[in-house]
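**Q**
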Amino acid sequence: MYRTILVPVDGSKLAERALSLAIPLAEQHHAALLLVHAHAPMMPLTFGGGAPVGDAALDEQLERDSRTYVERLARRTAKLTEVPVEAVFRTGKVVPTLCAVAVERGAGLIVMSTHGRGGFQRLWLGSVADALVRHATVPVLLVRGARPTAKRMAGSPPFVRFLVPVDGSARAEAAIDAAKTLAGTAPTRLVLVHVIHPMSAVAGMNLKRDPVAELTAAYLEPLARRVATASLDIRMDARVDANVARVLLEAVEQHDADLIVMSGQGLSGVQRLLVGSVADKLIRTATVPVLVVPRAEGDATIQA
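First residue of the sequence shown? That's 63 in our numbering, and the numbers climb one at a time after it.
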């Protein structure tokens, strides 16, 4: 269960869309909501090679406006729910500041919106969402801001059908623990999907019979037994295909999943070399929110 859920806000309606999921999640877990605005001071401008020129008065005004914004948003949000809602204003670089607040306040989850555009419009790369996925030490739930969130019954959990890609690695399977934490005690369908590239199958497996049957019996069934709980309805889906990301996106539709839960590091070893970063592709193109589980503690460093 989560005790604190952090929601980064920047004054935009897009960022505030994350509250449509953060609020019911906080209610489900009886957690506090932390609305955090990180104000990055204006960079001094240089004209004609001269000394940098800053506008202290303008920056102070922007800081006051930002502080007022997050406090007003917290008051409006508090009227929509009975869980505690707090505004936090900090000055500093956005990503290190958000990560620091998450650690200081013991946040167990970050919920935020992202454009998630694909193809040549990968504008989110290098953005706050991308940087948090790479550096946060807690799971990050990314909400595609361009799409409305699904309606739900009052009091019901926002997610009930999880799709978890697994590949045999411990870091991929760590997403299962994150999914179980998010689900809590609510009845939840958990679909374990294992997609292996044909070249990996040839190089690393002895598939004497039907590949799908062997993958299911040798890996998915023991994994399902190991992670089973009374509230989880575990389903298994094994496939051999060269395009892992495409197959996972198809699996979302076929299993009517409303959330993808996966490791932020994508696949490893031979799989990683063959298919690249599956996590990146899913974050950019999935039609449902994606919960990204952080890499192991100590793997990431944040540049101040």
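Idealized CB from N, CA, C, for every residue including glycine. Fair warning: this is a prediction, and the values are worked out from it, not measured in the lab.
Using a Cβ-Cβ cut-off of 8 Å (strictly less than) and excluding sequence neighbours within five positions of Leu-83, which residues of its own chain qualify?
**A** Along the sequence shown, one-based indexing puts residue 83 at 21. Result list for Leu-83: Val-173, Leu-203, Val-205, Thr-211, Pro-220, Pro-351, in chain order.
**Q** Leaving out five residues on either side along the sequence, give the residues of the same chain with a beta carbon under 8 Å from the beta carbon of Arg-288.
**A** Within the sequence shown, residue 288 is the residue found at index 226, counting from 1. Taken in chain order, the list of residues that qualify is empty.
**Q** What does Asp-299 pair with, by DSSP beta-bridge criteria?
**A** Walking along the sequence shown from the start, residue 299 turns up at place 237. Asp-299 is bridged by DSSP to Val-255.
**Q** Flag this pair as yes or no: are the beta carbons of Thr-159 and Arg-152 separated by less than 7 Å?
**A** One-based indexing of the sequence shown puts residue 159 at position 97. One-based indexing of the sequence shown puts residue 152 at position 90. Cβ distance < 7 Å, so Thr-159 and Arg-152 count as in contact.
**Q** Comparing alpha-carbon positions, which option in Val-145, Val-257, His-91, Tyr-281 lies nearest Asn-305?
**A** In the sequence shown, residue 305 corresponds to position 243, counting from 1. Per the Cα distances, Val-257.
**Q** Any idea what DSSP makes of Ala-362, helix, strand or coil?
**A** Against the sequence shown, residue 362 aligns to sequence position 300. For Ala-362, the pLDDT reaches just 40, beneath the cut-off of 50, and the residue's location in the model is therefore unreliable, although a value from the coordinates is still provided. Of the three classes helix, strand and coil, the one that applies to Ala-362 here is coil, per DSSP.
**Q** From which residue to which residue does the beta strand (DSSP E) around Val-352 run?
**A** Here residue 352 is taken as the residue at index 290 of the sequence shown, counted from 1. First-last of the beta strand (DSSP E) with Val-352: 352-355.
**Q** Tell me, please, whether the stretch 142-152 touches the stretch 85-92 by the rule of three or more beta-carbon pairs shorter than 8 Å.
**A** yes
**Q** Straight-line CA distance for Leu-353 to Val-323?
**A** Your numbering for residue 353 matches position 291 in the sequence shown. Your numbering for residue 323 matches position 261 in the sequence shown. Each residue's Cα considered, the two are about 5 Å apart.
**Q** Which word fits Lys-75, buried or exposed, when buried means at least 16 other C-beta atoms lie within 10 angstroms of its C-beta?
**A** In the sequence shown, counting from the first residue as 1, residue 75 sits at position 13. Looking at its Cβ environment, which holds fewer than 16 other Cβ atoms inside 10 Å, Lys-75 is exposed.
**Q** Considering only C-alpha positions, which residue in the set Pro-273, Ala-279, Leu-294 is nearest to Arg-301?
**A** In the sequence shown, residue 301 corresponds to position 239, counting from 1. When only C-alpha atoms are compared, the closest one is Pro-273.
**Q** Which residues in the same chain as Leu-81 place their Cβ atom closer than 7 Å to its Cβ, once the five residues preceding and following it in sequence are excluded?
**A** One-based indexing of the sequence shown puts residue 81 at position 19. Here the set comprises Val-69, Thr-139.
**Q** Taking the alpha-carbon positions, what's the Glu-312 to Glu-78 distance?
**A** Taking the sequence shown and counting its residues from 1, the one referred to as residue 312 is at position 250. Taking the sequence shown and counting its residues from 1, the one referred to as residue 78 is at position 16. Whole-angstrom Cα-Cα distance: 29 Å.
**Q** Under three-state DSSP, which class holds Arg-223?
**A** Here residue 223 corresponds to residue number 161 of the sequence shown, with the count starting at 1. DSSP places Arg-223 in strand when its eight states are reduced to three.
**Q** Taking C-alpha atoms, which residue in Asp-72, Ala-119, Lys-141 lies nearest to Met-129?
**A** Working through the sequence shown from its first residue, we reach residue 129 at position 67. The residue you asked about is not Met; residue 129 is Arg in the sequence shown. Measuring from the Cα of Arg-129, the nearest candidate turns out to be Asp-72.
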